[in-house]
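First up is the structure itself, then whatever we jot down about it.
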């Protein structure tokens with residue numbers, strides 16, 4: 005049976021079997037067997053192919069990775085862990101978003117600390133002007149999920165009030181090209197801050213304000229699943245959210 009994922013990726017990238025073979029220093033016939041007979045290469049070759057084609061090893065050969073390999077790669081995605089969001093140095097947030105060349109994403113209920121930072125808002129605007137896609141997901145202040153989160157944190161209507169305040173703080177950014185805002189009504193288990201393949205994930209703990217909850221700094225590693233899991237979650241919330249004003 006052919007490896008249709010590898011075949012399709014080669015076609016999408018405009019790379020021939022001969023070109024791939026030359027790039028990773030193997031015989032073209034070997035690459036042809038990987039494609040037509042679905043032979044799984046050695047680990048070093050899987051990594052080389054995935055890197056050259058700018059895709060994930062787990063996508064091209066999902067059956068070739070053992071649970072131990074996936075667990076090891078996923079563990080390598082953890083850059084550091086902070087016990088509280090307030091313990092994350094301000095320059096870490098700055099470096100995260102400054103490194104973005106393709107996409108910035110924010111998934112929160114309010115994220116007031118971020119919207120209240122004039123320097124980061126200016127950076128978002130500058131990144132958008134440079135062609136970076138900026139997507140910001142806020143909680144719908146009128147939804148039941150936001151009301152429940154306010155009760156859980158002991159601030160009741162304060163959560164909805166913070167979101168409305170944030171919408172005012174983001175007013176100038178909302179007018180920029182390449183910046184998109186949506187409102188969601190999900191039960192938010194994590195706040196997610198992403199810049200390309202780097203993520204800061206702020207876990208949500210029952211009865212604890214997000215600022216006091218832990219934060220994981222993650223960076224995508226080929227073969228790992230953690231970043232992919234959070235990226236998929238972000239997209240699902242985005243797809244179900246509504247643009248502001250609709």
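In this note's numbering, the protein residues as written are 5 to 250.
All C-beta atoms in this analysis are idealised placements derived from N, C-alpha and C, irrespective of residue type, glycine included.
Quick caveat, the model's predicted, so the values are computed rather than measured.
Under three-state DSSP, which class holds residue i?
i, result
"residue 192", "coil"
"residue 30", "coil"
"residue 223", "strand"
"residue 138", "strand"
"residue 206", "strand"
"residue 63", "helix"
"residue 81", "coil"
"residue 99", "helix"
"residue 270", "Because the chain here runs from 5 to 250, residue 270 falls outside it and cannot be looked at."
"residue 86", "strand"
Applying the criterion that 16 or more other CB atoms from any shown protein chain within 10 Å of the CB defines a buried residue, is residue i buried or exposed?
i, result
"residue 33", "exposed"
"residue 92", "buried"
"residue 5", "exposed"
"residue 115", "buried"
"residue 172", "exposed"
"residue 54", "buried"
"residue 143", "buried"
"residue 193", "exposed"
"residue 35", "buried"
"residue 183", "buried"
"residue 210", "exposed"
"residue 99", "exposed"
"residue 15", "exposed"
"residue 131", "buried"
"residue 139", "buried"
"residue 245", "buried"
Assuming residue i and residue j are in contact, meaning their beta carbons sit under 8 Å apart, how far apart are those beta carbons, in whole angstroms?
i, j, result
"residue 200", "residue 104", "5 Å"
"residue 108", "residue 186", "Contact doesn't hold; Cβ gap of about 14 Å is too wide."
"residue 106", "residue 126", "Contact doesn't hold; Cβ gap of about 19 Å is too wide."
"residue 129", "residue 198", "Between residue 198 and residue 129 the Cβ distance is about 18 Å, and since that is not below 8 Å, they are no contact."
"residue 216", "residue 88", "5 Å"
The ligand NAD and residue i: does the residue's C-beta get closer than 6 Å to at least one heavy atom of that ligand?
i, result
"residue 84", "Only the bare structure without any ligand can be found here, which leaves the ligand NAD out of the picture."
For a quick check, are the C-beta atoms of residue i and residue j less than 7 Å apart?
i, j, result
"residue 214", "residue 195", "yes"
"residue 168", "residue 145", "yes"
"residue 63", "residue 27", "no"
"residue 177", "residue 141", "no"
"residue 153", "residue 113", "yes"
"residue 226", "residue 60", "yes"
"residue 149", "residue 212", "no"
"residue 11", "residue 39", "yes"
"residue 83", "residue 119", "no"
"residue 231", "residue 81", "yes"
ask   = If we count Cβ pairs, one from each stretch, closer than 8 Å, do we get three or more for the region 213-226 versus the region 185-205?
value = yes
inquiry  = Check whether the region 44-62 and the region 157-166 touch, using three or more Cβ-Cβ pairs below 8 Å as the test.
reply    = no
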